[in-house]
Amino acid sequence: MELWGRMLWALLSGPGRRGSTRGWAFSSWQPQPPLAGLSSAIELVSHWTGVFEKRGIPEARESSEYIVAHVLGAKTFQSLRPALWTQPLTSQQLQCIRELSSRRLQRMPVQYILGEWDFQGLSLRMVPPVFIPRPETEELVEWVLEEVAQRSHAVGSPGSPLILEVGCGSGAISLSLLSQLPQSRVIAVDKREAAISLTHENAQSYEDPAALDGGEEGMDIITHILALAPRLLKDSGIFLEVDPRHPELVSSWLQSRPDLYLNLVAVRRDFCGRPRFLHIRRSGP
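Note that my numbering has the sequence shown beginning at 47, numbered continuously upward.
Structure follows, in C-alpha cells:
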C-alpha cells in the first residue's frame, strides 16, 4: 500500500489542451471522570498525555496539546496566552476535552478530531475519509511556486498557468496554489472507489484506503498518469510527490518508454532528507 491520494498532479502552463462524512465504529471504552482538582490547561495536558502514553497513542503530548488548545480557541498550545495555561476551565470545556480525548483513544487522527487543519496558511475542513495533507506536501507547493516565478520572470509576464491536480483529496494543493497564484486556473480530480464498510476490524483506518493504494510497488497511478501526460502537457511538466524508493523506479520506467518523450529533470529531498519530489518534463513532440 502506497500513498497516491496526494501523489500526483501535473502543472500545465499557458492556454491550450489540457466529500461526505462516513460512519466509523468505536470500541466500548468510555472516558473516565476527571481527577479531583484537575482544572487548568497545563494539568489537563499532563493528564491526557499520560493516558495516551499508557494506551500507546502516537504523539501523546502533541495530541493532548492540540485538543486542549482547540477547546480554548487556539491553534496550538504555545499560542495560548500564558494566563490561560493555569486558569481553571469551565465544566463545559472539561467535558469537551474528555469527549475529544476519547476519540483520540480510538486512534482517530487529531486532524479529524479538530475538524480542521492548516496548510500553507489556509484552514482546511477535515472529515473522514478525506486524505489528510502531510507537511511534506507543503514543500511540493513551494517548489511549484518557485517554478512558476522563474518561468514568469523568463517570459516577462506572470501568464495564466493551467494546473491539473490528480488525487486531490482535501484539495490542499489546489487551494493553496489558487490563493498564491490568483491568475491561475486549476482542475482538481480525485479517485473514488466503491464505498468502504468500516467494521470493528478496520475501524482504525479513518482515511480512505483507496488514497493509500498504489499497487504492488506503488507505481500504478504514477505510470498511468505518465502514459497520458504527453497528450496533456504544455511547458512546465509534472511534479510528483512519491515514496522515497520511487525516483529510481520512475527513472527506469521512463527509460523503458522513450516513445513518451518524458525526462526526469530533477529530484528533491524532503525536510527529513528523503528523495520525495520529482519534476518531469516533455522533451519531444
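Here a beta-carbon is modelled for each residue, glycine too, at the ideal position from N, C-alpha and C. Note that this is a predicted model, so its numbers are computed, not measured.
- For V187, the secondary structure class from DSSP, reduced to helix, strand or coil, is helix.
- Nearest in C-alpha terms to T132, of all of S147, G102, I88, I143, is I88.
- Linking L227 to I219 through their CA atoms gives a straight-line distance of about 12 Å.
- A contact between stretches requires three or more CB pairs, one per stretch, nearer than 8 Å, and the stretch 154-163 meets this requirement with the stretch 96-115.
- Within the same chain, Cβ atoms closer than 8 Å to the Cβ of L170 are found at E162, W163, D164, P179, S216, G217, A218, L221, the five residues on either side in sequence being excluded.
- Here E211 has W55, I219, S220, A234 as same chain residues with Cβ atoms under 6 Å from its own Cβ, once five neighbours each way along the sequence are excluded.
- In chain order, A106, R107, S110 place their CB closer than 6 Å to the CB of T95, counting only its own chain and leaving out the 5 sequence neighbours on each side.
- Where A115 is concerned, the enclosing alpha helix (DSSP H) starts and stops at 106-117.
- In the three-state reduction of the DSSP assignment, R231 falls in the strand class.
- Assignment of I271 by DSSP, reduced to helix, strand and coil, places it in the helix class.
- Relative to the Cα of C318, the nearest Cα in the group E182, K121, I268 belongs to E182.
- Taken atom to atom, the span from the alpha-carbon of I267 to that of G213 is near 9 Å.
- Rounded to the nearest angstrom, the gap between the Cα atoms of Q229 and Q166 is 18 Å.
- In the structure shown, the three-state DSSP call for P134 is coil.
- Measuring C-alpha to C-alpha distances from V313 to each of D305, R322, S86 identifies R322 as the nearest.
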